[in-house]
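Respectively, the protein sequence lines represent chains A and B. Residues in the first sequence are numbered from 1 upward in steps of one, following our numbering. Residues in the second sequence are numbered from 1001 upward in steps of one, following our numbering. Every residue gets a Cβ at the ideal spot worked out from N, C-alpha and C, and that includes glycine. To start, the structure under review is shown below, and the notes come after it.
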Amino acid sequence: MICLIILCTEDINNIYVSSTMPPSRQYSQSTIPLLPFRHYIGNTEFCTENNTSECMLYISQELLALGFPSIFFDLNGLRELDVISALNSMYGLLQMHRRAVGMLAELEVEQLRVSSDLHCQQLTNSKLKDQLELSKKENLRLCERERQLEANTKALHHCLKNEKEEVQKLQNVIASRASQYNHNLKRKEREFGKLKERLNQLLTDKKDKKQGMDVLNYVGRSDGKRSQWKTGKTDSRHESDMYKALLNEFDKHQRELMIENAELKKVLQQIKQEMVGILSPKRQSGETQKEEKPKEFTDQQIASDEEEENSFKGTSEMSCEHAREQLSNSIRQQWRKLKDHMANLDNKASLVHLGQGINEEMISKEVHQEEMERLKLEIQQCKDFIHTQQQLLQQQLSTPWDEETAAVLTDCYMLEEKERLKEEWKTFEEQKKNFEMERRTFTEAAIRLGHERKMFEEDRATWLKHQFLNMTFTDQMNLKTQNTLSEYAVQEQKHISSPKTPL
Amino acid sequence: TDTKGCCGMNFSEVFKQSNQLCKVSPDGKYLATCVQYRLVVRDVNTLQILQLYTCLDQVASMEWSSDSLFILCAMYKRGLVQVWSLEQPDWHCKIDEGSIGLVSSRWSPDGRHILNTTEFHLRVTVWSLCNKSVSYIKYPKACQKGMDFSADGRYMALAERRDCKDYISVFVCDDWHLLRHFETDTQDLAGVEWSPNGCVLAAWDSCLEYKMLLYSLDGRLLSTYSAYEWSLGIKSVAWSPSSQFLAIGSYDEKVRILNHITWKKLTEFEHHPTITNSKAVVFKEVEKRPVIPTEDLSIQQIAMESSLFDIQSKYEIPPLPVQVPVVKPDPDRANPKIGISAIAFSVDNRYLATKNDCMPQSVWVWDMQRLGPTAVLEQTAPVRFFAWDPRRPRLALCTGNTKLYLWSPAGCVSVKVPVEGGFQVQSLFWHCSGDSVVLLGKDQLCLCYMATDEEKHMLRSHVVGLGVACFTSH
C-alpha cells in the first residue's frame, strides 16, 4: 500500500512539475498552491516515511475540497485508506487535469488568436491614422483652393459689375447720340421738305417776285472815303493789312512778355544782390585768424562778383540766352555760397564749442544760448513782477468805491472777522464749559473730601476718646501731649461743627 | 415820371414793345423799340419820342447800324428789309428778297452793307447802301453761329458747307474780298467766333463731338482741343475781353478754360451740386409771403398799399455745405437740358458767370484770379437771362418774376420793379454806359437807372418807396 502511495505521490509530483512547465505560462503568473509543509518547487518530495499520515490527511482534505469522495473509510475509529476510492479520485484528478490542460491549450490558442487580432487591429489602426492624416491634409488643400476660387469669383464679380457699369454708360452715350442724330435728321428732313415745296411753288408760280433794292439815294461811306476798285493791288493790300494786324498782335504780345521778363529779371537781380549783401558783411565782422585764407578767397569772390555785376549791368538789357544763363548761373552760385557760408558758421560754432581758440569777440554758441535763456528768464520774471506790482498799485489807487460797495466790502472784512471771532467764542465757550465741569467735579470732590475728613476726624476723636478712657493716670502726662493733639482735633472738630465731646 | 426805388434805383415808366425788339444805339443816345409794325425811337434819358417810322409788316428783327445813323427792320415772312435814317426821316430804303425768302438780316460793321441770309441758307446776299454793288456768298452754313465779325469790324468769318465738308471763309469787310478759305477738320461745324483782339478764330464742332479748333487770322491752324470723346460736347463758348482765355461750356456740366499762349486747358470749373468751398458765398433767394389779416383791412388800405400782396424776397446766406437744386433732364430727348448753356466774362476779365441747365435756378460766378467759385446765386425760379455791366463787374439777372437781381463783389440785391399790375422781367440788357438796364417783359419794357456813386452814398441809409430791396453783403 505504501509503495502505491509513494508512486502516486511521485506521479502527483510529476504532474505538478509538468504542469508548471508549459510555455504559455510566460504571460501569466503561476499559481502554485502553497503547501502546508514545504514550498513545492521541482522534484522535492511531498511525502516521506515520516509524514505519510499527514500527507494522507492532507490529500483527503484536498480531494474533499475538490468534490471527490473521501479516500478513507472509518474502521473502528481508524482511518484506513480506501484504495479504490483513492484510485478513483486519482483517475478523477487525472481527468480533471486533462480537461484543464485541454482548456489551457484552448485558452492559449485563444490568446494567440486574440493577440494576433490585436496586432492586426493595431496595424489597421495606424494605417487608418495615416489615412486620416492624409485626408485631413487633402481637406485643407481643398479648403484653401475653395477660398482662392471664392476670392477669384468675387474679383470677377467686381470686374463684371464695373464692366456692366461701363456698358451702361456707353449705352447712355449711344442713346443720347442717337436721339441727337434723329433730331438733326428730322430737322434736315423738314428743311428738305420745305425746300421741295418751295421749289414746287416757284416752278408753278408764274408771277416772279423780283429781287431788288429800292433806295431813295445812296449813302456815303461811314468813313467818308471813296470806295476803290477791286484790283490785284487791293488784294495784295488786304493781304498785307492782314499780316500787319497779325504782326502788331505778335509785337504787342512780345512787348508784354518782355516787360514781364524784365520784371522777373529785376527781382532775381535784387535777390542776388541781397544774397551777396548777406554774405559779405558777415565775413568782415566775425573772422578769426584761421579764416584769413578763406577771407582772401571771399574777397576775391566778392571782387569777382562785383565785376560780374558790372559786366552784367551792361547785359541786363539783353535778353539773349547767354545773359539769361549768366543770370541764373550767378544766382545759383550765390545761393551755393550762402549755403556753404551757413555750413561754415555751423562748423565754426561746433569748433568753438570744443574749446579751440575762443576769440574775445566770438562766444560759443552754447554759452550764447545759455546767456540768452538766462536773460529771457530774467526778463520774464521782471515782467511778472512788474505786472503784479502794477496790479497791486491799481488796487491801491483805484477810485473809492461808492458807499454800497464800500460797505459791502467792509462788511466782507467784518464778516471775516466775525467768523473768526465766532469761532474763537465757540472754542472759548467750550473751554468754559469744560472748566465749569471741572470746577464742579472739583467742588464735589472737595465736598466729598471734607466729608471724609470729617468722618476721619470723628473716628479719630472717638478713637482718642476710647484711648483716653482706657488709659491710666500715669499715662496722663503722656496724654497731655496727646491732649494737645486731641485739642487740635477737637478744635478741628469744632470747626467742622461736630458735637463736642467734653474732655 | 420816375418811381423811386431803393438803393437809388430809378425806374422809368412802362412802354410797349413787341417781340422783345428793343435796342439802344451804339452811341448810347437813343432807344429804338418796335411795336407791331412801328418803329419808335426815343431819347434814352428823357424817353421822349424822337422819331416814328412805319414798316410794311410786323417787324421780326431790328438792328442799329454801327454809327447809330440807320436802323434796319427785317420782316422775314414778307422777305423784306427796310432801313430808316435817323438824320433824314424821309430817307427810305427797302430791300426785297423776292421769292428766295429771308431768314436773317444784319448790318456789316461799317454800317453801310446789309447781309441777308436767304431761306434754306441758299446764299448770303450783301447789299450795299453806298453803291449798286451786290455780292453773293454761296453755301453758308445753317448752324448755331455761322457768321461772326471781328471786333474791329475788318474781317468776317463765315462757316460754309459743300460736298459734306465744312469750310471757313474769311472776308475783308471793306470790299468783301475773300481773304482766306480753308477746310476745317470737323464733323459738323457749329460755330465760329473771333477773339476780341481779332487775331484768333475759334471754331467748334456740333455737340456730337467735342472739338475746338483755333485758327490764326491768316488761316493757319494753331491748335485743336478735345476734352473727351463720345459724350455730348460743346454747348457754349466765350472769349475773355482781353483774349487771354477761351471758356468752353460743355454737356458734362463743366467749363474748361484754355489759355492763349499754349491753347491748353488752364483749369476746369465743375458745377458740383454740393458746395463746400469756403471761398464761395451762396446767395439764396428767400421769398416771404405776406400774412394778410383779413379782418382789419379797409378798402382804402388795400388801395393804398398795393405792395401788400406782393411777395417780398431777399437774399440769405446759408451756411456751408449747401445743396444746389438739380433738375434731372429727360434722357430720351434731343438737346437735353443739361450742361453749361450760358457763359459770360465780366468786362474786367475778373469774373465769369455760368449757368448749368440742370441747375436752372442757379447762376455761378467764378473768380478768374483765384480760378475758383466766388458766388453762387440760387433763385426761386429758373434764371431766364443774365448780363454783365459793360463798365464794371456787376451782373444783372432775371427769372421771369417782377424782380431784377444784381450781383457785384460787394453783395447781392433784389429789386422789385415798381410797376402796378406786375412786370414780368423776361429779358434784359445793359446800356453801353453801364448806368441803366433795359428790362423787357412780354410786351412791355421799362428802364432801370442805376444810382451813381454819389447818390448811393446819400441813399444808403434811406429806405423809401414801394420798391422793396434788401441789400445782403458778405
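query                                                                                                                                                                   : result
Consider the Cβ of Gly1249(B): report whether some Cβ of chain A lies at a distance smaller than 8 Å.                                                                   : no
Tell me, please, whether the segment 150 to 168 of chain A touches the segment 1312 to 1324 of chain B by the rule of three or more beta-carbon pairs shorter than 8 Å. : no
For His1121(B) and Pro1140(B), which I take to be in contact (beta-carbon distance under 8 Å), what is that distance rounded to the nearest angstrom?                   : 5 Å
Around the Cβ of His466(A), are there at least 16 other Cβ atoms within 10 angstroms (buried) or fewer (exposed)?                                                       : exposed
Answer with buried or exposed for Thr1224(B), where buried requires no fewer than 16 other C-beta atoms within 10 angstroms of its C-beta.                              : exposed
By how many angstroms is the C-alpha of Phe250(A) removed from the C-alpha of Met526(A)?                                                                                : Examination of residue 526(A) is not possible in this model, given that chain A is present from 1 through 503 alone.
Just the C-alpha distance for Arg1394(B) and Ser1408(B), rounded to the nearest angstrom, thanks.                                                                       : 5 Å
Counting C-beta neighbours from all protein chains within 10 Å, is the total for Val408(A) 16 or more, i.e. buried, or is it exposed?                                   : exposed
Under 9 Å between beta-carbons, which chain A residues line up against Gly1198(B)? List them in chain order, please.                                                    : Ala245 and Glu249
Taking Cβ positions only, does Glu1193(B) come closer than 8 Å to chain A?                                                                                              : no
Where Gln121(A) and Asn139(A) are concerned, what is the direct C-alpha to C-alpha distance, given to the nearest angstrom?                                             : 26 Å
Quick one: give me the first and last residue of the beta strand (DSSP E) that Leu1404(B) is part of.                                                                   : Lys1403 to Ser1408
Buried or exposed for Phe442(A), going by 16 or more other Cβ atoms inside 10 Å?                                                                                        : exposed
Quick test of the definition: if touching needs 3 or more C-beta pairs under 8 Å, does the segment 1215 to 1229 of chain B touch the segment 263 to 275 of chain A?     : no
Apart from the five residues on each side of it in sequence, which residues of its chain come closer than 8 Å, Cβ to Cβ, to Gly1028(B)?                                 : Val1044, His1431, Cys1432 and Ser1433
Specify the secondary structure class of Lys230(A) as computed by DSSP and reduced to three states.                                                                     : coil
Contact check, Phe1269(B) vs Glu1378(B) under 8 Å by CB: the rounded distance?                                                                                          : About 17 Å; that fails the 8 Å criterion.
Give the residues of chain B in contact with Thr234(A), contact being defined as C-beta atoms less than 8 Å apart.                                                      : Asp1175 and His1177
Just reading off the alpha helix (DSSP H) that Gly1477(B) is part of, what are its end residues?                                                                        : What is shown of chain B runs 1001 to 1474, which leaves residue 1477(B) out entirely.
Could you tell me which of Asp1252(B), Ala1247(B) and Pro1241(B) sits nearest to Thr1229(B), measuring between CA atoms?                                                : Looking at the sequence itself, residue 1229(B) is Glu, so the reference to Thr does not match. Nearest C-alpha to Glu1229(B): Asp1252(B).
Cα separation between Gln169(A) and Lys1337(B)?                                                                                                                         : According to the sequence as given, residue 169(A) is Lys; it is not Gln. Each residue's Cα considered, the two are about 18 Å apart.
Whole angstroms are fine: how far does the CA of Ala1375(B) sit from the CA of Glu1119(B)?                                                                              : 44 Å
When the Cβ atoms of the segment 1013 to 1020 of chain B are set against those of the segment 1049 to 1056 of chain B, are three or more pairs found closer than 8 Å?   : no
Do the segment 1332 to 1348 of chain B and the segment 1384 to 1392 of chain B meet, that is, are 3 or more Cβ pairs less than 8 Å apart?                               : yes
What are the boundary residues of the beta strand (DSSP E) that includes Lys981(B)?                                                                                     : There is no way to answer for residue 981(B), as the model of chain B reaches only from 1001 to 1474.
What is the DSSP secondary structure of Leu248(A), reduced to helix, strand or coil?                                                                                    : According to the sequence as given, residue 248(A) is Asn; it is not Leu. In this structure, Asn248(A) counts as helix in the three-state DSSP scheme.
Could you work out which residue in Ala1280(B), Arg1333(B), Leu1158(B) and Lys1403(B) is closest to Ser1313(B) when comparing CA atoms only?                            : Lys1403(B)
So what does DSSP say about Met517(A), is it helix, strand or coil?                                                                                                     : Any answer about residue 517(A) is impossible in this case: the structure gives chain A only from 1 up to 503.
Can you tell me whether Gln1244(B) is buried or exposed? The criterion is at least 16 other CB atoms within 10 Å of its CB, across all chains shown.                    : buried
Classify Lys1279(B) as buried or exposed, calling it buried when 16 or more other Cβ atoms lie within 10 Å of its own Cβ.                                               : exposed
Under 8 Å by Cβ, that's how I've got Gly1339(B) and Lys1211(B) pegged, so tell me the actual separation to the nearest angstrom.                                        : Not confirmed; about 16 Å, so no contact.
Can a CB atom of chain A be found closer than 8 Å to the CB of Val1172(B)?                                                                                              : yes
Which parts of the segment 76 to 150 of chain A are runs of the beta strand (DSSP E), unbroken and 3 residues or longer, counting only runs that do not cross its ends? : 78 to 81
Just to confirm the assignment, what range does the alpha helix (DSSP H) spanning Leu338(A) have?                                                                       : Glu321 to His353
Can you give the Cα-Cα distance for Leu1222(B) and Arg198(A), rounded to whole angstroms?                                                                               : 42 Å
Between Lys164(A) and chain B, is any beta-carbon pair separated by less than 8 Å?                                                                                      : no
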